[in-house]
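Residue numbers (the working numbering), protein chains in the order written: chain A, 1 to 344; chain B, 1001 to 1287. To start, the structure itself, in structure tokens.
Pasting the structure below:
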């Protein structure tokens, strides 16, 4: 994998990117840094400014402030040089319903002044093949299902050699099979050396295919980095399965851990013991309590084996013990808020 | 360099094509639409209706009905001329309004505008291609009326030498040339309206709104043209010379009205083309 573009470092770089609609800041001082060759997940709840950011990156809308570099070139000043190297799916697919799938792709290809007319049919065919639409190439798009339109939209992004692919919610409307296919397609594009910028509100999807991610909330970029970095910013926690929750909680509290008792057994608490056992969660950090009269701010990591030893010594019947990494979902919810009451 | 396809070997040679490929594609899209054909068929129906009506009815009294109607039964070629006279005030502007109003707003409403721009079509290039498509429609529409008229006229009535407004008589071939000249005159006449429609189309994402506004403007212009109190305004109205193609039926042909009309339409193209450019080049495409 060789880094395309003159500046092999970053494929997308924004500084203080801002977009204002009237009084509302849709995008507020976003500093994106998408490394070349990365599969970059662009996360955020609906309405957090993901699509607006993508429109700014592609020169569809003008930024109110800040700077953008795509593939090393300043946007939108170098738009005509940059965009032929970028494949994009923006806010869902859109096509001429009265044209066939192949005719739609030929139309979009003709709009690219650099695309060779001589190889057009071959490239359209190859793009359709890549998304598994060869059989529907001559069908009018009016008769396509949502999933087929989505695939055609992805095919449109693959009409030429691309150094960067910007895919806005690429698995929207796809069935599980289609979702898997898109995931493997994204992986193969990345393996070919393209940088892939995928926006999504589906965390599981991003966790499965991305190497990097950024999280948007209410127009601001609230976190960005490799997946490991994003998860690592959260902390590990322990999960204890026991029929003696009371004693266990006392022991854990004695170690300075903040215990969360999950009365319904918690996720993954099935099996023979689920009727009587309780699940306790606690972050692997010793929090100084006021009664213990320790120095404030002196949080210390706790070794999991020490916790097990203390539990067993106190006679707690430990039926299950695990250390868990905080998932991206926990991190996401912590950063963007829970449920439908997301920050507007 | 990435290699997610086997289309080109080595570094791609970047050769820019001008608007040719995109214009061909635009015309393909325009003339593969059922709507375009429906409008052209409706226009073609006008001369057919006129010819059939004159054929089945008794002789039309001279001086009644649209211009040239009374001459159809003597010479079938006048079906084309009459049909063009009839379709100038409403039918032609209606179809032109639909095509011109749809140019940008139709793509925006459909969402394809963002993909064309990301391709990247280039905003000026797209605008020029869109106007090119509308302009071709404006050429085709009067031509359909004229040729269908001549065809149905020849089928139902005798065809022969034509007596011009100047009193001279010309042969059938020469008369066909004059018929095509009138169609060309109407095409030029409607170019201004197309430019207005293109501009309105850049203002909205709702194509029907842009179409309706364009058609309404053509009607308003004609109403203003009919008010004698607004004499000073008349030469500036884009519809003012729409029916002044009588000069083309003289011997020799007088090109005065053609030239005046062409200059006026050119002015409308310049003004509304510039407005459309100014609007579209900075527009945030959010559809």
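Glycine included, each C-beta is placed from N, C-alpha and C at the ideal position.
Counting only the same chain and skipping the five closest in sequence on each side, list residues whose C-beta sits under 6 Å from that of residue 52 of chain A.
-> 19, 26 and 27
Look at the Cβ atom of residue 1198 of chain B, then the Cβ atom of residue 1129 of chain B, and state whether they are nearer than 8 Å.
-> no
Euclidean distance between Cα positions of residue 134 of chain A and residue 156 of chain A = 13 Å
CB-CB under 7 Å to residue 310 of chain A, same chain, minus the five flanking residues each way: which ones, in chain order?
-> 251 and 255
What are the boundary residues of the alpha helix (DSSP H) that residue 1132 of chain B is part of?
-> 1123-1156
Please report the residue range of the alpha helix (DSSP H) in which residue 1256 of chain B lies.
-> That run of the alpha helix (DSSP H) goes 1256-1281.
Contact under 8 Å by Cβ, residue 345 of chain A with residue 1115 of chain B = There is simply no residue 345 of chain A to check, as chain A begins at 1 and stops at 344 in what is shown.
Using a Cβ-Cβ cut-off of less than 9 Å, give me the residues of the region 96-108 of chain A that come near chain B, in sequence order.
-> Correct list: 96, 97, 98, 99, 103, 104, 106, 107 and 108.
Which of helix, strand or coil DSSP assigns to residue 67 of chain A | strand
Anything in chain B within Cβ reach of residue 80 of chain A, meaning under 7 Å, just list it in chain order.
-> For residue 80 of chain A, the chain B residues whose Cβ falls inside 7 Å of its Cβ are 1120 and 1122, in order along the chain.
Using the DSSP secondary-structure output, state which residues sit across from residue 88 of chain A in a beta bridge.
-> A:166
Among B:1216, B:1164, B:1189 and B:1246, the one whose alpha carbon lies nearest that of residue 1200 of chain B = B:1216
List the residues of chain B whose Cβ lies closer than 9 Å to the Cβ of residue 351 of chain A, in chain order.
-> Residue 351 of chain A lies beyond the range of chain A shown here (1 to 344); nothing can be said about it.
Please report how far the alpha carbon of residue 1073 of chain B lies from the alpha carbon of residue 1051 of chain B, in whole angstroms.
-> 9 Å
Those residues which DSSP pairs with residue 1234 of chain B across a bridge = Its beta-bridge partners do not exist; DSSP assigns none.
For residue 197 of chain A, which residues does DSSP report across the bridge?
-> A:40 and A:166
Same chain, Cβ closer than 7 Å to residue 317 of chain A, neighbours up to 5 away in sequence not counted | 242, 243 and 244
Measure from the C-beta of residue 1201 of chain B to each C-beta in chain A and report whether the shortest distance is under 8 Å.
-> Using a CB distance cut-off of 8 Å, residue 1201 of chain B does not count as an interface residue toward chain A.
Any chance the CB of residue 1282 of chain B is under 7 Å from a heavy atom of the ligand MG?
-> For the ligand MG, the structure offers nothing, since it holds no ligand at all.
Going straight from the alpha carbon of residue 100 of chain A to that of residue 121 of chain A, what length do you get?
-> Each residue's Cα considered, the two are about 13 Å apart.
Looking at C-alpha atoms only, which residue of A:85, A:89 and A:66 is the closest neighbour of residue 172 of chain A?
-> Checked all of A:85, A:89 and A:66; the closest Cα to residue 172 of chain A is A:89.
Which runs of the beta strand (DSSP E) spanning at least 3 residues fall entirely within the region 185-261 of chain A, listed in chain order?
-> 195-200, 212-217, 220-226 and 237-242
If you draw a straight line from the alpha carbon of residue 1029 of chain B to that of residue 1186 of chain B, how long is it in whole angstroms?
-> 24 Å
Evaluate residue 21 of chain A with the Cβ neighbour count: other Cβ atoms within 10 Å of its Cβ, from every protein chain shown; 16 or more gives buried, anything less gives exposed.
-> Counting the other Cβ atoms within 10 Å of the Cβ of residue 21 of chain A gives fewer than 16, which makes it exposed.
Excluding sequence positions up to five away, which residues of its chain have a Cβ less than 6 Å from the Cβ of residue 1253 of chain B?
-> none
Positions along the region 1018-1047 of chain B whose CB lies within less than 8 Å of some CB in chain A = 1018, 1021, 1022, 1024, 1025, 1028, 1029, 1032, 1033 and 1034
Where does residue 297 of chain A fall in DSSP's three states?
-> Unreliable positioning characterises residue 297 of chain A in this predicted model, as indicated by a pLDDT of 49, which lies under 50. The coordinate reading is nonetheless provided below. Three-state result, residue 297 of chain A: coil.
Residue environment, residue 1121 of chain B, which counts as buried when at least 16 other CB atoms sit within 10 Å | buried
Straight-line Cα distance separating residue 44 of chain A from residue 277 of chain A = Taking the straight line joining both Cα atoms gives about 36 Å.
To which residues of the same chain is residue 114 of chain A closer than 6 Å at the C-beta, ignoring the five residues directly before and after it?
-> These residues qualify, in order along the chain: 84.
Along the chain, where does the beta strand (DSSP E) that runs through residue 11 of chain A open and close?
-> That run of the beta strand (DSSP E) goes 10-21.
Go ahead and pull the three-state DSSP assignment for residue 31 of chain A.
-> coil
Between the beta-carbon of residue 11 of chain A and the beta-carbon of residue 164 of chain A, is there less than 8 Å?
-> yes
Taking the alpha-carbon positions, what's the residue 151 of chain A to residue 1180 of chain B distance?
-> 48 Å
Sheet register partners of residue 140 of chain A (DSSP bridge) | Its beta-bridge partners are A:100.
Skipping 5 residues on each side, what residues in its chain have a beta carbon closer than 7 Å to that of residue 304 of chain A?
-> Cβ-Cβ distances below 7 Å link residue 304 of chain A to 238, 284 and 323 in the same chain, with the five nearest sequence neighbours on each side left out; the list follows chain order.
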